[in-house]
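In our numbering, the protein residues as written are -12 to 504.
Glycine included, C-beta positions come from ideal geometry on N, C-alpha and C.
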């Protein structure tokens, strides 16, 4: 047996305007601009929906990001300069874009008092759906009558909506108000599984609220998919932290410095307006990555109803989400999700067709990333979809190995990001977090944990797979961080699955990734 080998995979670079390549997205945008920049500036056309106070806070923030925002002064005893902080030069300068502090469209007739009345309804399903209704109905109505709609909408969230619009949130007993829904969740589930021949229309309508998740963000995103409305949710306390002070006169929320907030929100805004901030540099041509997404439906028998979807990502960072069919994909004996052969074939056939539509030919390499391994039946379906093409299909399992292995080195900092332990030709451990020379620090709170990378099906060189995984940790346009710990194919799998089951969906929408983040 070959001895395990420790190797270093160099930090992948990103490509920006003029073909320039750097490791850090903020460096590249600050110095060169987005990779898709042209002589004419791209307009960032956005709308805003929220309360009148929320609109005021948003406009102040939008005005602030129109110009230079410096990095914060170093704290006492800290380094004179923190390399992970990069000044924000202003939206127009960073993204070669046209930015206005005045939204292209505004919906500000939402009453804060009305939102409070709804969010305090005792039945949490009814409460959160009622609040989402307020936003969804207005956005859909505006979109239908608008001949020139914005590319995306900022959704301003009052703090009480953020706090009480989550699954585990509770309203104090003294603050609860009665709602209209009389049927219980248990009775609604029974009614869904065994509909009555002589049903009560009002009760059946009330039971519908349990098909919507108790999560404001997920439900809002899910209910806007078919209308193809892109949103960027933002808390009012993020936009104007000094509007929300505690007794000591300090902001109630401890948020990041304003330059960092600007980088994150504005990078996401540029992407959601149709732009491409950066892409992976020097990626092999003809390569395509697919991440599998599974989620069980709560309203039905969970062993029989699970949704499956696929995320397709290209080297330029663009992603498309394909929603597959509901089916018995969860196997209680193994506690894993696996498609049957027919469903697997349909899913990959759809992916290949979309790739061919974009590029005029099938991919040379198709890497399927999953948290679990692949069943024989499932893999046969994937291979069948590629039959008759020149596509080399490879199945890669990417598992969190936080409890399997720790690696230490001498000195003040942990292992360098990109360190890999190769255990055999098909399996190894990759540290996607760790000390980053460009940042001169390790950004995590404790000892970095690796990902276990295993080539489970097909043929591919392990180090090539690891290089790809490391690069795919750097195309999260919604944060503009140096890197995530997981590749984008895995990082957003749960988030996308959560949205796909957050509300009843009709049909199988195939939409760009920006609709989900």
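#1: Thinking residue 355 and residue 382 are a contact (beta carbons under 8 angstroms), I'd like their distance in whole angstroms, please.
#2: Buried or exposed, going by whether 16 or more other CB atoms sit within 10 Å of the CB of residue 233?
#3: Does the region 229 to 244 come close enough to the region 149 to 166 that 3 or more CB-CB pairs lie under 8 angstroms?
#4: Can you check whether the CB of residue 92 is closer than 8 angstroms to the CB of residue 129?
#5: Quick check: residue 408 and residue -9, are their CB atoms within less than 8 angstroms of each other?
#6: Return helix, strand or coil for residue 416, following the three-state DSSP convention.
#7: For the beta strand (DSSP E) containing residue 366, list its first residue and its last residue.
#8: Applying the 10 Å Cβ sphere with the 16-neighbour rule, what's the burial state of residue 162?
#9: Would you decide whether residue 62 is buried or exposed? Buried here means 16 or more other CB atoms lie within 10 Å of its CB.
#10: In the DSSP assignment, the alpha helix (DSSP H) including residue 255 goes from what residue to what residue?
#11: Which residue or residues does DSSP assign as beta-bridge partners of residue 387?
#12: Below 8 angstroms between beta carbons: does that hold for residue 109 and residue 164?
#13: Give me the DSSP bridge partner(s) of residue 2.
#14: For the alpha helix (DSSP H) containing residue 476, name the first residue and the last one.
#15: Could you name the residues of the same chain whose beta carbon sits closer than 7 angstroms to that of residue 442, not counting the 5 residues immediately before and after it, in chain order?
#16: DSSP has residue 283 in a bridge; who is on the other side?
#17: Count the other C-beta atoms from every protein chain shown that fall within 10 angstroms of the C-beta of residue 187, then say buried if there are 16 or more, exposed otherwise.
#18: Decide if residue 44 is buried, meaning its Cβ has at least 16 other Cβ atoms within 10 Å, or exposed.
#19: Based on the DSSP output, what are the partners of residue 379 in its beta bridges?
#20: What does the alpha-carbon distance come out to for the pair residue 203 and residue 118?
#21: Could you spell out the range, first to last residue, of the beta strand (DSSP E) harbouring residue 140?
#22: Output the distance between the C-alpha atoms of residue 393 and residue 459, rounded to the nearest integer angstrom.
#23: For residue 49, which beta-bridge partners are listed by DSSP?
#24: Whole angstroms are fine: how far does the CA of residue 466 sit from the CA of residue 250?
#25: On the CB-based measure, 16 or more other CB atoms within 10 Å of its CB, does residue 502 come out buried or exposed?
#26: Looking only at C-alpha atoms, which of 294, 131 and 339 sits nearest to residue 281?
#27: For the structure I just gave you, are there three or more beta carbon pairs, one from the region 238 to 256 and one from the region 32 to 52, closer than 8 angstroms?
This is what the structure gives:
#1: If you number the chain shown from 1, residue 355 lands on position 368. If you number the chain shown from 1, residue 382 lands on position 395. So it is a contact: roughly 5 angstroms between Cβ atoms.
#2: Sequence index remark: in the chain shown, residue 233 carries index 246 (1-based). That one is exposed.
#3: no
#4: Counted from its first residue, the chain shown places residue 129 at position 142. Counted from its first residue, the chain shown places residue 92 at position 105. For residue 129 and residue 92, yes; Cβs fall inside 8 angstroms.
#5: For this step, residue 408 is matched to residue 421 along the chain shown. For this step, residue -9 is matched to residue 4 along the chain shown. Yes, Cβ-Cβ distance for residue 408 and residue -9 is below 8 angstroms.
#6: Walking along the chain shown from the start, residue 416 turns up at place 429. Three-state DSSP puts residue 416 in a strand.
#7: As a first step, residue 366 is located in the chain shown; it is residue number 379 there, counting from the start. No beta strand (DSSP E) contains residue 366, which is instead part of the alpha helix (DSSP H) from 363 to 373.
#8: Here residue 162 is taken as the residue at index 175 of the chain shown, counted from 1. Exposed.
#9: As a first step, residue 62 must be located in the chain shown, where it is residue number 75. Of the residues assessed, residue 62 falls on the exposed side of the cut-off, its CB having fewer than 16 other CB atoms within 10 angstroms.
#10: Counting from one through the chain shown, the residue named residue 255 turns up at place 268. Looking at the DSSP string, the run of the alpha helix (DSSP H) that includes residue 255 is 245 to 259.
#11: The residue you call residue 387 lines up with position 400 of the chain shown. BP columns for residue 387 point to 438.
#12: Within the chain shown, numbered from 1, the residue matching residue 109 stands at position 122. Within the chain shown, numbered from 1, the residue matching residue 164 stands at position 177. Contact: yes.
#13: On the chain shown, residue 2 is found 15 positions in, with the first residue counted as 1. In the DSSP output, where bridge partners are listed per residue, residue 2 has 8 and 266.
#14: Translated into the one-based positions of the chain shown, residue 476 becomes position 489. From DSSP, the alpha helix (DSSP H) with residue 476 extends over 475 to 478.
#15: Position 455 of the chain shown holds residue 442. Cβ within range, chain order: 381, 383, 413, 449 and 452.
#16: As a position in the chain shown, residue 283 is number 296, starting the count at 1. Its beta-bridge partners are 293.
#17: Sequence index remark: in the chain shown, residue 187 carries index 200 (1-based). Exposed, since its Cβ has fewer than 16 Cβ neighbours within 10 Å.
#18: As a first step, residue 44 is located in the chain shown; it is residue number 57 there, counting from the start. Burial call: buried.
#19: For this step, residue 379 is matched to residue 392 along the chain shown. 352.
#20: In the chain shown, the residue the question calls residue 203 occupies position 216. In the chain shown, the residue the question calls residue 118 occupies position 131. About 8 angstroms.
#21: Locating residue 140 in the chain shown gives position 153, where the first residue counts as 1. First-last of the beta strand (DSSP E) with residue 140: 139 to 144.
#22: In the chain shown, residue 393 corresponds to position 406, counting from 1. In the chain shown, residue 459 corresponds to position 472, counting from 1. It is roughly 23 angstroms from the alpha-carbon of residue 393 to the alpha-carbon of residue 459.
#23: By one-based count along the chain shown, residue 49 stands at place 62. Answer by DSSP bridge pairing: none, since residue 49 is not bridged.
#24: Taking the first residue of the chain shown as 1, we reach residue 250 at position 263. Taking the first residue of the chain shown as 1, we reach residue 466 at position 479. In a straight line, the C-alpha of residue 250 is about 7 angstroms away from that of residue 466.
#25: For the purposes of this step, residue 502 is identified with residue 515 of the chain shown, where counting begins at 1. Counting other Cβ atoms within 10 Å of its Cβ, residue 502 reaches 16 or more and is therefore classed as buried.
#26: Taking the chain shown and counting its residues from 1, one reaches residue 281 at position 294. Closest in alpha carbon position to residue 281, among 294, 131 and 339, is 294.
#27: yes
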